[in-house]
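Notes follow once the structure below has been shown.
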Amino acid sequence: MKKSLILLAITGIITFNSCTKNEVEITPTTQEITISEKKDLTLEIGQTSEEITIMGGDNENFKIVSSQPSIAEVKQNKNKFTIKALQEGNAVISISSAGKTKELSVNISKVLVERIEVLESGNYQAGNASIFFKIYPENATNKELVWESSNKDIVKIADAKKGEIFVMNKPGKSSVITIKSKDGSNVSVQHTVNVVQLVRQIEINVGENLSLAVGATFKLNYVISPENATNKNVSWQSSNPDVVSVDSEGNITTLKGGIARITVTANDGSEISSSVEVKSVLGINKITIDNTNNNEIKVKRMSKTPLSITT
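Numbering-wise (the numbering used here), the sequence shown opens with residue 88 and increments by one.
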């Protein structure tokens with residue numbers, strides 16, 4: 088009887104412990120993986136996606152793999168990641184956790200040229216020259232260009248990659264340069280190269296210094312070299328217009344005492360110039376002569392300055 092009771096007690100304990108263990112045991116559950124990016128991703132080369140958030144799985148451990156890491160590079164930070172577009176093509180990003188998987192398709196395209204801008208005027212001297220240009224957008228994938236000259240007897244393409252040309256010594260002639268994109272965008276621009284002879288020297292006929300009385304006017308003449316310069320137009324400027332003024336024809340007028348530098352500059356872009364220093368001096372406007380002996384006095388007027396003579 089005593090043995091039966093002990094056996095019954097042990098059986099009860101075992102049964103109780105078994106029930107207790109079954110009641111507290113929890114089986115882990117997993118959810119389907121979802122991501123914040125709801126559709127396939129399209130990127131341009133060099134672009135990085137916005138941060139993408141992962142949900143589901145075991146909510147803790149995620150493995151992210153790119154099927155083409157040389158095309159689409161993944162950078163992961165726990166349950167978040169970004170994709171950087173490295174080159175043109177397609178890739179599949181696989182996200183896995185606790186036996187669940189989610190895929191994201193990524194298409195990476197090249198950045199096409201949208202515009203080519205020439206940063207030069209159209210005037211060039213004979214010899215080697217460069218046509219400076221800019222491609223938009225700056226992150227265009229393929230910036231290779233095709234250059235063509237409409238008249239190779241006037242302008243030859245020396246180096247298309249650097250925009251270098253050779254201009255023949257034929258002032259007054261021109262050639263149209265066509266610059267085309269090579270990435271399939273069919274973008275092009277045309278630039279006319281005009282062959283010119285720039286001014287090399289300007290010489291003012293009065294030398295470096297000139298002295299005039301206040302109120303005087305004087306025309307400054309000049310000589311341009313070489314004689315076959317394409318554009319012989321010039322502009323005039325006074326460093327002190329309150330003292331000496333100058334008009335567009337090189338006519339100067341002295342207004343009051345002082346010094347001014349008059350500069351003539353070629354308008355052809357050569358930046359060639361010449362200048363003269365003009366001193367404006369006050370003329371004598373009153374002379375007093377002691378003529379107690381009543382001698383004959385002769386006066387010769389040399390300027391328009393009013394002159395008063397008393398004896």
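All residues carry an ideal CB built from backbone N, CA and C; glycine is no exception. The structure presented is a predicted model; accordingly, all values stated were derived computationally and were not measured.
8 Å contact criterion, which residue i and residue j should meet: CB distance rounded
i: T228; j: V198; result: 5 Å
i: A215; j: F253; result: First, the amino acid is wrong: residue 215 is Asn here, not Ala. So it is a contact: roughly 6 Å between Cβ atoms.
i: S123; j: L130; result: No, S123 and L130 are not in contact; Cβ-Cβ is about 16 Å, not under 8 Å.
i: T169; j: E138; result: 6 Å
i: N354; j: S322; result: 6 Å
i: V363; j: V301; result: In fact, because the Cβ distance is near 18 Å, the residues do not count as touching under 8 Å.
i: L307; j: G337; result: 4 Å
Residue j beta carbon less than 8 Å from that of residue i
i: S192; j: D127; result: yes
i: I266; j: I203; result: yes
i: Q155; j: G186; result: no
i: V205; j: H278; result: yes
i: V282; j: K257; result: yes
i: I158; j: L173; result: yes
i: G133; j: N210; result: no
i: E160; j: K171; result: yes
i: V280; j: S268; result: no
i: A316; j: T341; result: no
i: I264; j: V293; result: no
Any C-beta of chain D under 8 Å from that of residue i
i: N229; result: Among the chains of the structure shown, chain D does not appear; only one protein chain is present.
Start-to-end residues for the beta strand (DSSP E) that takes in residue i
i: N296; result: N296 to A300
i: T31; result: Residue 31 cannot be examined here, being either before or after the span of the chain that is shown, 88 to 398.
i: N238; result: Counting along the chain, N238 falls outside any beta strand (DSSP E), and DSSP gives it neither H nor E.
i: K65; result: No statement about residue 65 is possible, as the shown extent of the chain runs from 88 to 398 and does not include it.
i: T352; result: G345 to A353
i: F253; result: E251 to V254
i: F219; result: Premise fails: F219 is in no beta strand (DSSP E) and is neither H nor E.
i: L128; result: L128 to E131
i: V205; result: R202 to V205
i: A247; result: A247 -> no beta strand (DSSP E), and no H or E assigned at all.
Original post:
Touching or not, the segment 345–356 and the segment 311–330, by the rule of three or more beta carbon pairs under 8 Å?
Top reply: yes
Original post:
Quick check: the segment 217–226 against the segment 286–296, are there 3 or more CB pairs under 8 Å?
Top reply: no
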